[in-house]
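Undergrad: Take a look at the following structure, please.
In my numbering, the protein residues as written are 82 to 338.
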């Protein structure tokens, strides 16, 4: 019997792995057995295959909701990104994912307790043991909640100092996408926009016309004006005016106005 059980477990493991590799045929009962990492892989595979069926994503959502309290920060960010990319917005699920993300985020100490010798305010072993968020996960979370318009003020505000801490690890176009996400949120984040306005001017040459236009529009939507960034954007667009399409010109000019 023990041998039979072992063979049965190996068969089930192979079946799950094969199903995750080809998630279009993954039955609902097997989705409901997946762990957080495997569920994220299955959801991303469905996105790659264009499989956006309501029934499948409802099953993904049901399993994600069950797992939410035990997900890692990376798993939380990847699942939120997958659901928002699929335009599957389940507000109770996003509430659970945002709550889990808040629990896992590194915590900045109060000014009175910050260690003078620490190179980072998040390197507090008492508060942040085992807590870490990568630049890519910060980007995933910001974009996911911006796309889904499922706003958690406490989460998006808590992410701003972390983005500032990781700004050197973010590519210029990633910063463009992050401020675009924040511009969609009904939450003022002047510190983030000030950070991006200071960091971006030397790197505008690396952006595509659509990204230059998007950056201008994001600052306009957030009602944030920075003279240095505006001048740098104008100069960069003037140099590349001939490669701007009609839509990019309209978006850029609308942002300037």
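Here a beta-carbon is modelled for each residue, glycine too, at the ideal position from N, C-alpha and C.
Please report the straight-line C-alpha distance between residue 92 and residue 113, rounded to a whole angstrom.
TA: Counting from one through the chain shown, the residue named residue 92 turns up at place 11. Counting from one through the chain shown, the residue named residue 113 turns up at place 32. Note that residue 92 scores a pLDDT of 42, beneath 50, so its modelled location is shaky and nothing firm can be said.
Undergrad: Where do the N-terminal and C-terminal ends of the alpha helix (DSSP H) with residue 263 fall, by residue?
TA: For the purposes of this step, residue 263 is identified with residue 182 of the chain shown, where counting begins at 1. Here the alpha helix (DSSP H) through residue 263 covers 253-264.
Undergrad: Inspect the CB distances between the region 300-307 and the region 318-329 and report whether three or more fall short of 8 Å.
TA: Result no; under three Cβ-Cβ pairs closer than 8 Å.
Undergrad: Please give the ranges of any alpha helix (DSSP H) in the region 154-195, keeping only runs that are unbroken, at least 4 residues long and fully inside the region.
TA: DSSP runs (the alpha helix (DSSP H)) wholly in the region 154-195: 154-166 and 172-185.
Undergrad: Hey, residue 241 and residue 272: beta-carbon distance below 9 Å or not?
TA: As a first step, residue 241 is located in the chain shown; it is residue number 160 there, counting from the start. As a first step, residue 272 is located in the chain shown; it is residue number 191 there, counting from the start. Contact flag set, yes.
Undergrad: Indicate, with yes or no, if the ligand ZN has a heavy atom lying under 8 Å from the CB of residue 187.
TA: Inclusion of the ligand ZN in the displayed structure is not the case, the ligand content being empty and no account of it being possible.
Undergrad: To the nearest angstrom, report how far apart residue 243 and residue 219 are at their CA atoms.
TA: Here the question's residue 243 lines up with position 162 in the chain shown. Here the question's residue 219 lines up with position 138 in the chain shown. Rounded to whole angstroms, residue 243 to residue 219 spans 8 Å at the Cα level.
Undergrad: So the candidates are 235, 292 and 231; which of them puts its Cα closest to the Cα of residue 257?
TA: Residue 257 sits at position 176 when you count from the first residue of the chain shown. Selected option, being the one with the closest Cα: 292.
Undergrad: Give me, in chain order, the residues of the same chain whose beta-carbon lies closer than 7 Å to that of residue 172; leave out the 5 immediate sequence neighbours on both sides.
TA: Walking along the chain shown from the start, residue 172 turns up at place 91. Answer for residue 172: 231, listed in chain order.
Undergrad: How many Å lie between residue 178 and residue 261 at the Cα?
TA: Here residue 178 is taken as the residue at index 97 of the chain shown, counted from 1. Here residue 261 is taken as the residue at index 180 of the chain shown, counted from 1. Spanning the two alpha carbons is a distance of roughly 21 Å.
Undergrad: I'd like the list of long-range same chain contacts for residue 133, defined as Cβ closer than 6 Å, with 5 residues on each side in sequence excluded.
TA: Indexing the chain shown from 1 puts residue 133 at position 52. Result list for residue 133: 167, in chain order.
Undergrad: Helix, strand or coil: which one does DSSP assign to residue 332?
TA: Reading the chain shown from its first residue, position 251 is the one you call residue 332. If DSSP states are grouped into helix, strand and coil, residue 332 belongs with the helices.
Undergrad: Residue 162 and residue 221 look like a contact to me (Cβ under 8 Å); what is the Cβ gap, rounded to whole Å?
TA: Within the chain shown, the letter at position 81 stands for residue 162. Within the chain shown, the letter at position 140 stands for residue 221. That pair is a contact at about 4 Å.
Undergrad: Within 10 angstroms of the Cβ of residue 327, are there 16 or more other Cβ atoms? Answer buried if so, exposed if not.
TA: Numbered from its first residue, the chain shown carries residue 327 at position 246. Its Cβ having fewer than 16 others within 10 Å, residue 327 is exposed.
Undergrad: Give the DSSP-derived three-state secondary structure of residue 141 in the structure shown.
TA: The residue given as residue 141 occupies position 60 in the chain shown. It is helical.
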